[in-house]
Amino acid sequence: MAKHDIVIIGGGPAGLAAAVAARKAGIQDILILERDGCLGGILNQCIHNGFGLHTFKEELTGPEYAARYIEMVEAEKIPYKLNTMVIDINKEKEVTVINKEDGLTTIQAKAIILAMGCRERPRGALNIPGYRPAGIYSAGTAQRLMNIEGFSVGKEVVILGSGDIGLIMARRMTLEGAKVKVVAELMPYSGGLKRNIVQCLDDYGIPLKLSHTVVGIEGKERVTGITIAQVGPDRKPIPGTEEHYSCDTLLLSVGLIPENELSRSIGIDMSRITSGPEVNDQLETSAEGVFACGNVLHVHDLVDYVSEEATLAGTNAAEYVRSGEEKSNCHVVELKAENGVRYTVPQTLDVNHMQDQVTVRFRVADVYKDRYISVYYDGVQISKRKKKVLAPGEMEQVVLKKESFGDYPDLKNIVICTEVE
Amino acid sequence: MKEWNFDAVIIGGGVTGCAIARELSRYQLHTAVVEREEDVCSGTSKANSAIVHAGHDATPGSEKARFNVEGNRLMGQLSEDLDFEFERNGSLILCFAEEDRPALQELYDKGVKNGVPDLKIITGDEARAMEPNVSDAVVAALYAPTGGIVCPFGLTIALAENACDNGVEFIFNQEVKKVNKTEKGYDLETVDGVIHASYVINAAGVYADEIHNMVSGRKLHITPRKGDYCLLDKEAGNHVKHTIFQLPGKLGKGILVTPTIHGNLLTGPTAKNIEDKEATATTAEELAEIMEKGSVSVKNVPFRQVITSFSGLRAHEDGDDFIVGEAEDAPGFFDAAGIESPGLTSAPAIGVYVAEKVAEKAGAAKKAEWKGTRKGFVRPEKLSLEERAALIKERPEYGTIICRCEGVSEGEIVDAINRTLGAVSLDGIKRRVRQGMGRCQAGFCTPRTMEILARERGMKMEDICKNAPGSNMLTGQK
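As given, the protein sequences belong to chains A and B, one line each in that order. If you're matching positions, the first sequence starts at 31 in this note's numbering and goes up one per residue. If you're matching positions, the second sequence starts at -2 in this note's numbering and goes up one per residue.
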């Protein structure tokens, strides 16, 4: 059985950054396993710009951003395998792998970094009624067919969901000559970044209809029309508000789901809210020596934060491999998300072994205006920061400093919440 | 204009037509199946409960009762001969009120009269012991151990392949527009030409009445009875192990909850009479009804894990029974009409019966050489790790996973395209090897599967269709 110190599952932005960080932390024996035909993951099909402002202080396209990390991986001579699918992982950290060249093999890892990314929610998950013709695409599938394969997927388009990929594709298809007739969003707010709504819809005069959903799909062979309707506060369609659009394509951008089939096969504790593993401040899951980062952990808006998170996971995995001993004298504190904060990543923090500071990322449950983000240690308010607007589509963060825990030797929990005043 | 000549022509490549074709291939007859879609299993056969019914529902003495029980009996051996997936998981018919006990007893009695083996009435507690998620309200249940689940695509495609291997021709994309009586038999006018046949077998599903009425004065009338379904993720597949029916009552036949042979959970169908024989659109009302009524029999069905919904049309004939056999006023014209539930179960038995009748009429002898077995698809996922490793060494394309949700490799997709009656569309590949049937519903694998199909068939990407011609995936080069 082949053996490696660190096996990284996924060669997208998370896996690449984790690999580079682990190498920089001194681990020589690293292997990246990528199921697609090249490194870079979904970034390769994101040919628009806007990546890298935080990481590289400049605006890059997706492939350019990916290329920066791929170059680092190549420069560090970190080995990777392409067209290689991991079909199983177990508690002993045996990774079962399948590809054309090696066939079916098992690799023994000392540490594993989960970086499998996420997938798009399909039509079926929404139970949209109607026919099942050709021309219904999740936005990312259409993006791949257009940007990688070089084909046109439709000429007249309705988009359901205002997630970032849907917004980007509205602009992309418009630039390629398609007519994007409307973007319908079930919620009373968009799930995408504000800048994408402005740059991808407003600038092209594409209407965004909030509190609307698709109630009918027509067409036997190919889509011929879509009916949308307004929804009430219960998110159910309001009879009499139906509007019909003739079109040949329906794009869906209705949410991303972390791809954790492998995490479940090891029996890792999962968060019901993020659909990703629960992790501590080292980004280590409930399975010792198994780390997670990027969209497999929780869905991000910006790749820059994925890289940052993955760098931490890579560094910590390296530390785990090097020290090789269990930590003693742990002081684990639970992070609680309350009052409008949906979740936190990480979910726990070890006060005694944490780095100088830990970035806690989270999303809010609704659109809030003029609210504070507050942090409490055992009921005592430690910090508050006013935000003009908080929205579920924009990931938030607070930074907890190690020194701030000095006064709380018996700390039991940390609460992160929103507050009106 | 094209012209074809055959001894026998079967109209319709659904499960019934393919079962008849496979049985007819035993005889020295030049036989064809003519299908309006691009593939077999493209109508009701692809959108149903995927259940092998035990046979207690049908009225004793009816054609439905006879063919259901016989079809159920044949299914086990057939699944071994033709290598498709079938399992007798047993079914439970739930009774929710003391006042309904007589109806449960009646169902039991009907089953016994129909010849259904091993039926048993059990208590609500016994039912819950067998199925912990069955409703607390259940007071009794009918247990039918011979009830089963089958892959409806697997069954239909296996029958078709075996028929084809034994000399039956398949003509696709040819809708039959008209049937004319001739001296020798019948002429079938299709969209592109004419098929001359001595014998015609009408297995045209919801259109069987129209085909029949072209040659017979004894008119049939088929109402498409639409049924919607919700299919749930494999994570929900163990929610029940048996097929859970509700006792047919005031609310109609009720919604079933069943595992599928592939390990998903399936709920449905609704029952709504419609006019349009093409109207396979699901509706919000019916999808809501499935969730409401499904929850009556089984607790906590995880409807959040629905991965797709679909609908199929039952071919309900006014006489409420199958019409199987030679039309009285149209010699040489055989019907397999009004084949609604339990049609999938009955197909193997209908196939045997109709083929015998046609052969008898034609005075056709059996072929000296006929191969009644067929090897199914290579399924690397079902192999041991060692066997799978050996397979990939021999054929490396089994090592490239294309559909990550269902673990389908490039080799399997190539097989789906290149074997007997291979797939020409994405849906054809999906029904053969389950590419795209998982939780992402083909989000990731669609582009790569299209590339493989284009490569293997020498097609342009723009010409690739989801199913029938016109269902093109792309609208051109960028």
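Backbone N, C-alpha and C define an ideal beta-carbon position, used for all residues, glycine too.
Within the same chain, Cβ atoms closer than 6 Å to the Cβ of B/ASN111 are found at GLY52, PRO57, ALA62 and VAL66, the five residues on either side in sequence being excluded. A straight-line Cα-Cα distance of about 7 Å links B/LYS238 and B/GLU128. DSSP places A/ALA317 outside both helix and strand once states are collapsed to three, so it counts as coil. Proximity of B/PHE441 to chain A, defined by a Cβ-Cβ separation below 9 Å, is satisfied. With distances taken between CA atoms, A/ILE57 lies nearest to A/HIS34 out of A/ALA200, A/ASN157, A/ILE77 and A/HIS34. The alpha-carbon separation between A/ALA155 and A/PHE321 amounts to approximately 29 Å. Across the structure, B/VAL131 and B/ASN86 are spaced so that their CA atoms are roughly 16 Å apart. Residues of chain B whose Cβ lies closer than 9 Å to the Cβ of A/ASN129 are, in chain order, ILE389, PRO393, GLY396, THR397 and ILE398. If you draw a straight line from the Cα of A/LYS107 to the Cα of A/THR126, it comes to about 23 Å. Between B/THR472 and chain A, the shortest Cβ-Cβ separation is below 9 Å.
With a threshold of 16 other beta carbon atoms within 10 Å, B/THR240 meets it and is buried. Taking a beta-carbon distance threshold of 9 Å, B/ALA278 counts as an interface residue toward chain A. Taking C-beta atoms as the reference points, A/ARG149 and B/ARG301 fail to come closer than 9 Å. At a C-beta separation below 7 Å, A/LEU112 has no neighbours in chain B, since its nearest C-beta there lies roughly 10 Å away. Counting along the chain, the unbroken alpha helix (DSSP H) around B/VAL430 starts and ends at 423 to 430.
A direct Cα-to-Cα measurement between B/ALA47 and A/THR257 gives close to 31 Å. Non-local beta-carbon contacts of A/PRO93 in its own chain, meaning distances under 8 Å to residues more than five positions away in sequence, involve GLY70, LEU73, ASN74, CYS76 and ILE77 in chain order. For B/THR153, the enclosing alpha helix (DSSP H) stretches over residues 149 to 162.
In chain B, no part has a C-beta under 7 Å from the C-beta of A/TYR373; the shortest such distance is about 17 Å.
The beta carbon of A/ILE119 sits closer than 7 Å to those of VAL125, ILE142, LEU292, SER295 and ILE296, all from its chain and outside the five residues before and after it, given in chain order. For the pair B/GLU84 and B/PRO345, the Cα-to-Cα distance works out to about 16 Å. For A/TYR406, the closest Cβ of chain B is not nearer than 9 Å.
For B/PRO114, the closest C-alpha among the options B/GLY144, B/ALA312, B/VAL421 and B/GLY322 is that of B/GLY144. When the Cα atoms are used, B/ILE17 and B/ILE7 turn out to be separated by approximately 8 Å.
A/ALA164 has a beta carbon lying within less than 9 Å of a beta carbon in chain B. Within chain B, the residues placing a beta-carbon under 7 Å from that of A/MET115 are ILE398 and ARG401, ordered along the chain. Of the other Cβ atoms in all chains shown, 16 or more fall within 10 Å of the Cβ of B/GLU20; this residue is therefore buried. Put simply, the CB of A/THR91 is far from chain B, with every gap to its CB atoms at 9 Å or more. Close partners of B/ALA451 in chain A (Cβ separation under 8 Å) are lacking, with about 10 Å as the shortest Cβ gap. For a Cβ distance threshold of 9 Å, residue set ILE304, THR305, ARG436, CYS437, GLN438, ALA439 and GLY440 of chain B lies close to A/PRO152, ordered along the chain. Rounded to whole angstroms, the gap between the alpha carbons of A/TYR95 and A/MET102 is 11 Å.
Per DSSP, the continuous beta strand (DSSP E) segment holding A/TYR407 begins and ends at 398 to 407.
For the pair B/ASN2 and B/ALA194, the CB atoms are nearer than the 9 Å cut-off. B/VAL49 is classed as buried because its beta carbon has at least 16 other beta carbons within 10 Å across all chains shown. In this structure, DSSP gives B/ARG222 an extended state, which the three-state scheme calls strand.
Interface residue (Cβ-Cβ distance to chain A less than 9 Å): B/PRO466 is classified as such.
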